[in-house]
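In this note's numbering, the protein residues as written are 2 to 279.
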């Protein structure tokens, strides 16, 4: 068979696979949108759930999800950024750096349910935070920490060394160079990693299952020690173990659509920030 014909066939196979993936994604989104739009309204978004979550809205779940997103980033972002700065700017290549990178990659590969069990054992029981926003945020922060470290480290590596050498040549110290040259240039990509991390934690169910999520709590939290409803757990309950699954199914699709919208906003924001830098 002619080698150009073989190349063309392989090319079309790759093209079909790519369009198949995109098609499946759009089919899922279209299905969720078609079912969810039937219940989407201002009342659904801004009202409390009622009648065993078969009526009313999902406002407490939206607020709870946002609280957990912000809380987890307040914990993970500074630790992740400082860790990445140490790994990329200060730590010399060697066994220690290899070991830390290996452990970071292993941490990223741990199943989310394990983080949930760890958070329950440490934050809920050992530190006596109870089922609370604080415990859930710390657990989600640990879960997303490897992502923040890796995205920040990649952002720092993307800065050409000539900028560092030019700063050193002008008499600037290493710390001054990192603070005033490297980090400002890498900040758009660092912020992109932050936003992507927020999108990641917004859809996690297992880490909050044991640490913060409430089955039915039609009220807003007063402090970081309160339980909250959260969109992913709320969706799980509506779809699997609600008081009336058939009656609450439209609310489940509406909740899924809102959750997808939040993740989409996070991803689009990250892409927008990245495009501004470029």
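Using N, Cα and C, we set each Cβ at its ideal position, and we do this for glycine too.
Self-check item: Environment of residue 227 [buried if 16+ CB atoms lie within 10 Å]
Solution: buried
Quiz item: With a Cβ-Cβ cutoff of 9 Å, do residue 232 and residue 256 count as a contact?
Solution: yes
Exercise. Look up residue 50 in the DSSP assignment and give the residues it is bridged to.
Key: 57
Practice problem: Could you tell me if residue 71 is buried or exposed, where buried requires 16 or more neighbouring beta carbons within 10 angstroms of its beta carbon? | Solution: exposed
Quiz item: How many Å lie between residue 142 and residue 108 at the Cα?
Solution: 12 Å
Practice problem: Can you check DSSP and say which residues form a bridge with residue 214? | Solution: 229
Quiz item: Using the beta-carbon count (16 or more within 10 Å), is residue 16 buried or exposed?
Solution: exposed
Exercise. Give a yes or no on whether the C-beta atoms belonging to residue 152 and residue 191 are separated by under 9 Å.
Key: yes
Quiz item: Which full runs of the alpha helix (DSSP H) of 4+ residues lie inside the segment 64–126, going along the chain?
Solution: 96–110 and 113–120
Self-check item: Straight-line gap, residue 115 to residue 208 (C-alpha atoms, nearest Å)
Solution: 8 Å
Quiz prompt | DSSP state of residue 166 mapped onto helix, strand, coil | solution = helix
Quiz item: Are there 16 or more other CB atoms within 10 angstroms of the CB of residue 52, so buried, or fewer, so exposed?
Solution: exposed
Quiz item: Are there 16 or more other CB atoms within 10 angstroms of the CB of residue 252, so buried, or fewer, so exposed?
Solution: buried
Quiz prompt | Unbroken stretches of the beta strand (DSSP E), 3 residues or longer, contained in the segment 5–32 | solution = none
Quiz item: alpha helix (DSSP H) containing residue 145: first to last residue?
Solution: 134–158
Practice problem: Kindly indicate which residue of 158, 120 and 157 has the alpha-carbon position closest to the one of residue 144. | Solution: 120
Quiz item: Just to confirm, are residue 258 and residue 31 a CB contact at a threshold of 9 Å?
Solution: no
Quiz item: Does DSSP put residue 205 in a helix, in a strand, or in coil?
Solution: coil
Quiz prompt | Straight-line Cα distance separating residue 103 from residue 96 | solution = 10 Å
Practice problem: Measuring alpha carbon to alpha carbon, tell me which of 215, 117 and 12 ends up nearest residue 59. | Solution: 215
Exercise. Could you tell me whether the segment 36–53 touches the segment 195–214, using the rule of 3 or more Cβ pairs below 8 Å?
Key: no
Practice problem: Indicate whether the contact test is met: 3 or more Cβ pairs, each with one atom in the segment 123–142 and one in the segment 217–226, closer than 8 Å. | Solution: yes
Practice problem: From the DSSP output, in three-state form, read off residue 194 for me. | Solution: helix
Quiz item: Expressed to the nearest angstrom, what Euclidean distance is found between the alpha-carbon atoms of residue 203 and residue 88?
Solution: 28 Å
Quiz prompt | Cβ shell of residue 235 (< 6 Å), same chain only, five flanking positions each side left out | solution = 62 and 256
Self-check item: From 212, 138, 274 and 66, residue whose alpha carbon lies closest to that of residue 262
Solution: 66
Exercise. Output the distance between the C-alpha atoms of residue 174 and residue 193, rounded to the nearest integer angstrom.
Key: 28 Å
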